[in-house]
Amino acid sequence: MLNNRLTPMLLSSICRLSLEQLQEIFIHTYHTSDNSRIPYKNSPPLLFCHVCRPWRQLALATPELWCHLNLEATPESFKAPRRGVRKFKEILEFWLSRSKHHPLCFRFSLDRVPDQRWALTFPFRSNLRELEIDVAFKDQLRGVSFDGIEPLKCLEAVDLRIASNEHEDNDSDRGYIMEMYPILPDKVPSLSMLSLSYPDFHCGKIKLLNVPWRQMTHLCLHEEISLLAWHEILRMTPHLQKCYVGLCLFYADHEESEEHDIAKLPQVHMEHLQELEVSILTPCLGMVFTGVVCPNLTRFVVKSSSVQNALSGIEKQLTLCSTNAQGLKQLQLLRQDIDASSVLVVLLILPALEDLSLDCAGNHDKLLRALAVRDDFVPKLKKFNLGVIRYDRLQRDVPTFSAAIYADAIKSRWCWKRQRKCLKQSASTRVVERMTRATLLVDEDHEMDLWKAKHLLSNVVKRGLSFRAEVHSARNWKNPLISGENTWVRWKKEMGLWH
């Protein structure tokens, strides 16, 4: 708190500013991340209302301050449900009245199973732009309903997270999940971004969701999506541009029937799809692309524990349509116990690749030597992230990694000599781009190799190469690039939505 003697002096100086200048100060000092729970007096923008009367009047008259609202049910609110519900409604109505016609971003989190007294009805207006609902169990949506006074014409992004399907008793309950949820084709004409984290998500439930799939341009489907459901969704989203999908593990007795059902679906050309991230636990990556052609794909990320067997699926998919290989600029093969030499076949058909990320268990020499001497091997590569991680801790043999060969490859791409006496060059020699950024992530078994690589690359780092080297424990290793939540946040940043 300010000293009582200093407060009048400070306020008198600030009050000399024009209303427009003071409004700009309020807006630029308001951090939405501070408003993570039920707003209290010490939370902006309510904080501005408790300084003095002029500030309160100005804050209440500045709709930009009231466009972000989080409501999180705390343990205290469950002790008095009726009081908690009343407080939620009062806060929401207050925020709606102050935000006026400015786009509103609303988040609601309920982490415990409420009783019947926890019945919430949210009177949304047409200015709702982003909606996020986070509940622990599916049954919690029974007590949450949305009363849209007007069509939700401004709603652009919806994020629905259901952590568990534990309280599902029978199949008859499956239809209610979206009956209380405001995703209706005739009421959300601007909805184009959707993130779903819904347990046990199979093709039979897609139609129950009542989602306007044809409008979707950004789709984030988290874990436990079946392959058949994924293929059906692809054929309902012709305008899809960016997609993250987490595919579930299917059982052996269902594999043949699921593959047969997928084969019967018509072929689809995803003309607008530019980014695709796939998280899959089984070596069936080829089935992910059955009947699917993505001619304009520029970013492809695969997270799989069995990519050694799935690399043929990647190669097959990229070879099916030559424009895929010609236009792909970013490739990430993450969290995989694969040999780096196995990736060579795939990389040889990617002449436009600019960003490469690999998690490899061993045999890096062949890949790194190709990077050092071959001008036809990813000649436009500018960013190279290599993870030397042994995920299988039961494996006794520690994979070998040569810091000298790695440093030589990075140096070679940093200062590539286009005329090499040791190579037979023709008039059609490719121009090799300079590598500008390299990252080396290793486990505790290769810590000494990491320090050697840093020492060998010290000179080129001084000359401008951006190089990052880190040691991570393989037991607790989680590559930050493979999270669907990170992807969703990145999309919202690109679209100018709240994050």
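Position 185 of the sequence shown, counting from 1, maps to 792 under my numbering, and the rest follow consecutively. Quick reminder that beta carbons are idealized off the backbone N, C-alpha and C, glycines included. Computed from a prediction, not measured in an experiment: that's the story for all the values here.
Residues near residue i in its chain [Cβ-Cβ closer than 7 Å; skip 5 each side]
i	result
ALA1076	LEU1047, LEU1057, ALA1060 and LYS1061
ILE832	PHE808, VAL852, GLY853, LEU854 and CYS855
VAL899	LEU841, VAL875 and MET877
LYS760	SER733, PRO796 and SER797
TRP1098	MET800, HIS825 and LYS849
Exposure of residue i, with buried meaning 16 or more beta-carbon neighbours within 10 Å
i	result
PRO1006	buried
ASN677	buried
PRO661	exposed
HIS708	exposed
PRO710	buried
ASP983	exposed
MET894	buried
MET1055	exposed
ALA680	buried
VAL953	buried
SER864	exposed
ALA870	exposed
SER964	buried
Whole-angstrom distance between residue j and residue i, CA atom to CA atom
i	j	result
LEU699	GLU737	15 Å
ASN642	ILE840	Note that ASN642 has pLDDT 46, beneath the 50 cutoff, so the model's placement of it is unreliable and no number is given.
LYS1100	ASN1093	11 Å
LEU735	PHE713	8 Å
LYS696	TRP702	10 Å
PHE1008	VAL1067	21 Å
ALA668	ARG705	7 Å
GLN664	THR1043	52 Å
ASP962	GLY1071	18 Å
HIS971	VAL692	59 Å
PRO902	VAL1038	25 Å
SER1073	LYS987	17 Å
VAL950	ARG690	60 Å
LYS1031	ILE1012	Any reading at LYS1031 needs caution, since the residue's pLDDT is 46, under 50, leaving its predicted position unreliable; the model's value is listed next. One C-alpha to the other measures close to 22 Å.
ARG873	HIS838	In the sequence as displayed, the identity of residue 873 is Pro instead of Arg. Those two C-alpha atoms are separated by around 10 Å.
ALA770	HIS1079	28 Å
PRO958	LYS1069	29 Å
ARG768	LYS973	44 Å
ALA743	LEU834	25 Å
Residue i: first and last residue of the uninterrupted beta strand (DSSP E) it sits in
i	result
VAL995	990-995
ASP1015	From DSSP, ASP1015 is part of no beta strand (DSSP E) but of the alpha helix (DSSP H) over 1010-1021.
ARG1044	1044-1049
GLU961	Taken as a continuous stretch (DSSP letters only), GLU961 belongs to no beta strand (DSSP E), as it is neither H nor E.
GLU679	675-679
GLY853	849-854
LEU711	711-717
GLN937	937-941
GLU882	882-887
MET800	800-804
GLU1077	1073-1078
Cut-off 6 Å between Cβ atoms - residues of its own chain near residue i, not counting five sequence neighbours on either side
i	result
ALA1014	ALA1060, LEU1063 and LEU1064
VAL909	VAL885 and LEU940
SER802	ASP766, CYS827 and TRP1095
SER716	GLU679 and ASP741
THR844	TRP820 and MET823
GLU882	LYS849 and ARG906
GLU739	ARG714 and ASP766
ALA1045	PHE991, ILE1017 and PHE1074
PRO670	SER706, LYS707 and HIS709
C-beta atoms of residue i and residue j nearer than 8 Å
i	j	result
LYS876	LEU847	Note that residue 876 corresponds to His in the displayed sequence, not to Lys. In this structure, LEU847 does not lie closer than 8 Å to HIS876 by Cβ.
SER799	HIS829	no
HIS867	LYS849	no
CYS967	VAL985	no
LEU1107	LEU935	Limits of the chain in this structure are 608 at one end and 1106 at the other, which puts residue 1107 out of reach.
LEU975	ALA1010	no
ASP1050	ARG997	yes
LEU960	LEU993	no
Contact set for residue i: own chain, Cβ-Cβ below 8 Å, skip 5 residues either direction
i	result
ALA1034	With a pLDDT of 42 at ALA1034, under the threshold of 50, the modelled position of that residue is not reliable, and no figure is offered here.
ARG1041	LYS989, ARG1020, TRP1021, CYS1022 and TRP1023
GLU763	ARG736, GLU737, SER797, LEU798, SER799, MET800, MET1102 and LEU1104
For residue i, the first and last residue of its enclosing alpha helix (DSSP H)
i	result
MET1055	1054-1063
ARG660	660-667
ASP972	972-980
LEU841	834-841
LEU951	951-954
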